[in-house]
Amino acid sequence: MEILKIVDRLTKLVPEENEILLELSRNMYADALQLAPKIAGAEGVDLYDIKIENAAVIRKCAREIYVQCNSFLVFGDDFKEAEYLDILRA
Numbered sequence: 287m288e289i290l291k292i293v294d295r296l297t298k299l300v301p302e303e304n305e306i307l308l309e310l311s312r313n314m315y316a317d318a319l320q321l322a323p324k325i326a327g328a329e330g331v332d333l334y335d336i337k338i339e340n341a342a343v344i345r346k347c348a349r350e351i352y353v354q355c356n357s358f359l360v361f362g363d364d365f366k367e368a369e370y371l372d373i374l375r376a
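When we follow our numbering, the leftmost residue of the sequence shown carries the number 287, and every step to the right adds one.
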């Protein structure tokens, strides 16, 4: 839930005129939304296959968020709140 809160705040801080950052933040938000249910699903199930499937989705979403943070730095010259990106990448 912490990641979702940070990404939500980040999404609200993106300037409306920067379409690339808007799209990146929407993708980050979509990935962050998947994390909590997949973690809960992996923890609450006894079947190994479902645990591994959820782990793969968690790993994919986390990697996407990390990569999109780097893309923010490349395309977000006018984005002033870079400390949110540092928190997400840590």
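Where is the CB? At the ideal position from N, CA and C, for every residue including glycine. From a predicted model like this one, the values you see are computed outputs, not experimental measurements.
CB contact flag (residue 304, residue 364, <8 angstroms): Position 18 of the sequence shown, counting from 1, holds the residue named residue 304. Position 78 of the sequence shown, counting from 1, holds the residue named residue 364. Yes, they are a contact pair.
7 angstroms CB neighbourhood of residue 370 in its chain, flanking five on each side removed: Along the sequence shown, one-based indexing puts residue 370 at 84. For residue 370, the CB contacts under 7 angstroms within the same chain, skipping 5 residues up- and downstream, are 292, 295 and 296 in chain order.
DSSP three-state assignment for residue 304, whether helix, strand or coil: Position 18 of the sequence shown, counted from the first residue, corresponds to residue 304. Annotated three-state conformation of residue 304 is coil, per DSSP.
Rounded C-alpha distance that separates residue 376 from residue 318: Residue 376 sits at position 90 when you count from the first residue of the sequence shown. Residue 318 sits at position 32 when you count from the first residue of the sequence shown. Going by the C-alpha atoms only, they are around 15 angstroms apart.
Option nearest residue 343 by Cα separation, candidates 361, 327, 356 and 290: For the purposes of this step, residue 343 is identified with residue 57 of the sequence shown, where counting begins at 1. When only C-alpha atoms are compared, the closest one is 327.
Rounded C-alpha distance that separates residue 330 from residue 349: Here residue 330 is taken as the residue at index 44 of the sequence shown, counted from 1. Here residue 349 is taken as the residue at index 63 of the sequence shown, counted from 1. In a straight line, the C-alpha of residue 330 is about 23 angstroms away from that of residue 349.
Residue 361, enclosing alpha helix (DSSP H) - first and last residue: For the purposes of this step, residue 361 is taken as residue 75 along the sequence shown, with counting starting at 1. Counting along the chain, the unbroken alpha helix (DSSP H) around residue 361 starts and ends at 334-361.
Euclidean distance between Cα positions of residue 359 and residue 300: What you label residue 359 is simply residue 73 of the sequence shown in a count that begins at 1. What you label residue 300 is simply residue 14 of the sequence shown in a count that begins at 1. Using only the alpha carbons, I get a separation of about 12 angstroms.
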